[in-house]
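Structure first, commentary second.
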Amino acid sequence: MKDMVSKKVELLVGLFVALGLAALLMLSVKVANSGFGAGGESYQLFAKFDNIGGLKVRSPIKIGGVVIGRVSNISLDDEDYTPVVTLDIKIQYNQLSEATSVAILTAGLLGEQYLGLQPGFVDDSVDTLQPGDYIEDTRPALVLEELIGQFLFSQGSGEE
Amino acid sequence: MQQLHYLGKQTLSMISGLGRAVILLVSAIVHVPNVRKGTPLLIQQLYSVGVLSLLIIIVSGTFIGMVLALQGYTILVGYGAEASLGPMVALSLLRELGPVVAGLLFAGRAGSALTAEIGLMKATEQLSSLEMMAIDPLRRIIAPRFWAGFISLPLLTAIFSMVGILGAHVVGVNWLGVDSGTFWSVMQEQVDFEKDILNSVIKSIVFAFVVMWIAVYKGYDCEPTSEGISRATTSTVVQSSLLILCLDFILTALMFVK
């Protein structure tokens, strides 16, 4: 019974399984973004916008182009029906000031939308943002149709 | 009246066939595995089902990746978006082409061979001989083959996707001049571990289950003549290919449409 499988076959099967697992590992490390245990520790902030445009869950949050977290949830406020965005930010960036402003920006002309944070100053009168705080200073997404509408409107009123 | 009779007969035979397939599956895989006796059998089958399928999987994976890169590049370069070549190739391989094409090749390469082998064992009464010797052919013959396929196909699918992406890298970066850093980093930005890679593995597990079940059932249930074996082999390939394509649509709808 033991000698039924030759050493060569055992070796080849071992090689095959190892190759398959290596391919799987390589896919998750080299091809996918985060791999196992996505991200590490993070804390949450909230921000209310008038209009979130094309922002999606998992959109990146950047300061000066550096990704510091991702959007983890988008919902409507229960009372005034404005969009509330939940920001998952890496724990190492926990010294953001309360004067931080956040805007919805677009990567390139037609690219995906992301949250751009503009860190404010910190002094005695201004605290740092605590987990669960709302960022007060927000700027909504630019919607192309609204821009064109405003442009046409201002053109029309200029002629009169 | 004649048609009604025919329809009823067909329905009954279909249902009883389905019943036999379920009984086969349950009695083949639901028992306590004997590690000492079962492992050599499983390794032998892993060799003939998995290792021998490796070549066709690697060759076709490479070429599919290379073709995807070529076609994708010629389209994307028109929009100045050749930086998206990496994610395009990776996503189409991981989400659809990897599991489906590997499954189809596996059905043609391993499924047909299994059906023919088991069918011939039945035709030459080897299965009955085993039973005469009080060896359960379901455990001795069917179970190791089923599990070998079940383990092999997900691994083969991962290998297929990986060599496909490497092939796309060869064509896109080394030949057409897409930047290597852009190729990988934009891909990493777009490909999600849970959504894309895990779903790719889930798809391949489902396909492995389907192909193996059909292959062993068709072999075990075939008419023990040379004609019956050839018919069983054909219908293994046809039915598992069709089922893979149908199930792929359903799985895609469940996984990627919210």
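Chains as they are written, first to last, in my numbering: chain A, 1 to 160; chain B, 1001 to 1258. Quick reminder that beta carbons are idealized off the backbone N, C-alpha and C, glycines included. Nothing here was measured: the structure is a model prediction, and the numbers come from that model.
| Check | Outcome |
| --- | --- |
| Along the stretch 1193-1211 of chain B, where does the CB come closer than 7 Å to a CB of chain A? Name the residues. | Phe1193, Asp1196 and Ile1197 |
| Going by DSSP, what residue range makes up the beta strand (DSSP E) through A/Asn73? | Val66 to Leu76 |
| Using CA coordinates, which residue listed in A/Asn73, A/Val67 and A/Phe46 is at the minimum distance from A/Lys56? | A/Asn73 |
| Do you know offhand how far B/Met1162's Cα is from B/Phe1193's? | 14 Å |
| Determine the closest residue to B/Gly1172 out of B/Ala1069, B/Leu1042, B/Met1121 and B/Thr1236, with distance taken between C-alpha atoms. | B/Ala1069 |
| Have a look at the DSSP bridge pairing and note the partners of A/Phe46. | A/Thr86 and A/Tyr134 |
| Where do the ends of the alpha helix (DSSP H) carrying B/Pro1144 lie? | Ala1143 to His1169 |
| Can you tell which of B/Leu1155, B/Gly1167, B/Lys1218 and B/Thr1234 has its C-alpha closest to the C-alpha of A/Leu25? | B/Leu1155 |
| Whether or not the stretch 1104-1111 of chain B and the stretch 1238-1252 of chain B are in contact is what I'm after, with contact meaning three or more pairs of Cβ atoms, one per stretch, closer than 8 Å; do they touch? | yes |
| For B/Met1014 and B/Ile1202, what's the separation of their Cα atoms in angstroms? | 28 Å |
| Please classify A/Ala18: is it buried, with 16 or more other beta-carbons within 10 angstroms of its beta-carbon, or exposed? | exposed |
| Residues in the stretch 1016-1050 of chain B with C-beta within 7 Å of chain A's C-beta atoms, listed in sequence order? | Lys1037, Pro1040, Ile1043, Gln1044, Leu1046, Tyr1047 and Gly1050 |
| Check whether the Cβ atoms of A/Thr106 and A/Leu117 sit closer than 8 Å, and answer yes or no. | no |
| Look up B/Ile1029 in the DSSP assignment and say whether it is helix, strand or coil. | helix |
| Who are the neighbours of B/Ile1075 on chain A, taking C-beta pairs under 7 Å? | By Cβ distance, chain A contributes nothing, its closest Cβ being about 16 Å from B/Ile1075, past 7 Å. |
| For the candidate residues A/Val71, A/Phe16, A/Ala23 and A/Glu136, whose alpha-carbon lies nearest to that of A/Tyr114? | A/Val71 |
| Express the C-alpha separation of B/Gln1010 and B/Ile1023 in angstroms, rounding to a whole number. | 20 Å |
| Is there a C-beta anywhere in chain A that falls below 8 Å from the one on B/Ile1159? | yes |
| B/Asp1179 to B/Glu1189, Cα distance in whole Å? | 15 Å |
| Looking only at C-alpha atoms, which of B/Glu1227, B/Ile1197, B/Gly1219 and B/Glu1223 sits nearest to B/Met1255? | B/Ile1197 |
| From the DSSP output, in three-state form, read off B/Gly1178 for me. | One point to set straight first is that residue 1178 of chain B is Val, not Gly, in the sequence displayed. Three-state result, B/Val1178: coil. |
| According to DSSP, is A/Ser6 helix, strand or coil? | coil |
| So B/Pro1144 packs on B/Gly1050, CB below 8 Å; how close in whole Å? | No, B/Pro1144 and B/Gly1050 are not in contact; Cβ-Cβ is about 12 Å, not under 8 Å. |
| Which value, in whole angstroms, describes the spacing of the CA atoms of B/Gln1071 and B/Ile1064? | 11 Å |
| Can you find a CB in chain B that lies within less than 8 Å of the CB of A/Leu55? | no |
| Would you verify that the beta carbon of B/Trp1147 is, or is not, closer than 8 Å to some beta carbon of chain A? | no |
| Does any C-beta atom of chain B lie closer than 8 Å to the C-beta of A/Gly65? | no |
| Starting from B/Thr1252, trace the alpha helix (DSSP H) both ways and give me its first and last residue. | Ser1226 to Phe1256 |
| Check each residue of the stretch 88-113 of chain A: if its Cβ is closer than 9 Å to any Cβ of chain B, include it; give the result in chain order. | none |
| Quick one: which chain B residues come within Cβ less than 8 Å of A/Val13? | Ile1043, Leu1046, Tyr1047, Gly1050 and Val1051 |
| Between which two residues does the beta strand (DSSP E) harbouring A/Pro60 extend? | Pro60 to Ile63 |
| Identify whether B/Thr1074 lies in helix, strand or coil by the three-state DSSP scheme. | helix |
| Compare the C-beta of A/Glu213 against all C-beta atoms of chain B and say whether one is closer than 8 Å. | With chain A covering only 1 through 160, there is no way to say anything about residue 213 of chain A. |
| Relative to chain B, which residues along the stretch 68-87 of chain A have a C-beta separation below 8 Å, given in chain order? | none |
| On the three-pair Cβ rule with 8 Å, is the stretch 1113-1126 of chain B touching the stretch 1164-1171 of chain B? | no |
| Measure how close the beta-carbons of B/Ala1215 and B/Gly1111 come, nearest whole angstrom, since I'm counting them as under 8 Å. | 4 Å |
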